[in-house]
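**Q** Here it is: the structure, laid out below.
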Amino acid sequence: MPKYQFDVEVQPQYLPEHSHVSAHVFRFAYTITITNAGDMPAQVISRHWVISDSNGHTEEVKGLGVVGQQPLLKPGESFQYSSGCQLHTPSGTMHGSYFCMAEDGTPFTSTIPLFILEAQDPSAPEQPLGPRVLH
6 MPKYQFDVEV QPQYLPEHSH VSAHVFRFAY TITITNAGDM PAQVISRHWV
56 ISDSNGHTEE VKGLGVVGQQ PLLKPGESFQ YSSGCQLHTP SGTMHGSYFC
106 MAEDGTPFTS TIPLFILEAQ DPSAPEQPLG PRVLH
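With positions in the sequence shown counted from 1, the corresponding number in the numbering used here is that position plus 5.
Dropping the structure here:
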């Protein structure tokens, strides 16, 4: 088992009730689960997100902690939170990283894997609301 490792799982969700398709406003929620898969207690210090829409517009978001917290996780412990974002196209992607600090003072980075944000037509859940172009 690696000494310093956080595993990150993401569950994205389209929010049609908070979106305005005619105004090109597509809102999404995502739930993140961070699990300490290492053998040393460690803390999430900051986050870095890269959010891209299907037109190629990219936004970077950096900040301390996650949802106002800097969770300290013992080996095997998990922390889960939900947040959201807005795109101007019906599809896009997000990925990023967490800067973390182990209890012994060793810094490390945990990758947030790329995930797809895709608006679905609520009357036809299998159909996206627009063309799917990923950059």
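Every residue, glycine too, gets a C-beta built ideally from N, C-alpha and C. Small disclaimer: the values here were computed from a predicted structure and weren't measured.
Is the beta carbon of Q85 closer than 8 Å to that of T142?
**A** This structure does not reach residue 142, given that the chain is present from 6 up to 140, and the question cannot be answered.
**Q** If you compare alpha carbons, which of W54, A28, Q75, F104 is closest to V66?
**A** W54
**Q** Just to confirm the assignment: which complete beta strand (DSSP E) runs, minimum length 3, are found wholly within the region 18–96?
**A** Entirely contained in the region 18–96, the beta strand (DSSP E) runs reaching 3 residues are, in chain order, 31–41, 47–58, 63–69, 83–92.
**Q** If you follow the beta strand (DSSP E) that E123 is part of, which residue opens it and which one closes it?
**A** Unbroken beta strand (DSSP E) run through E123: 112–123.
**Q** Which term fits P95, buried or exposed, when burial requires 16 or more other beta carbons within 10 angstroms of its beta carbon?
**A** buried
**Q** Spatial neighbours of L92 within its chain, please: CB distance less than 6 Å, with the 5 preceding and 5 following residues excluded, ordered by chain position.
**A** F31, D58.
**Q** Would you tell me roughly how many angstroms separate the C-alpha atoms of L20 and I50, rounded to the nearest one?
**A** 29 Å
**Q** Out of curiosity, what's the CA-to-CA distance linking S83 and T98?
**A** 24 Å
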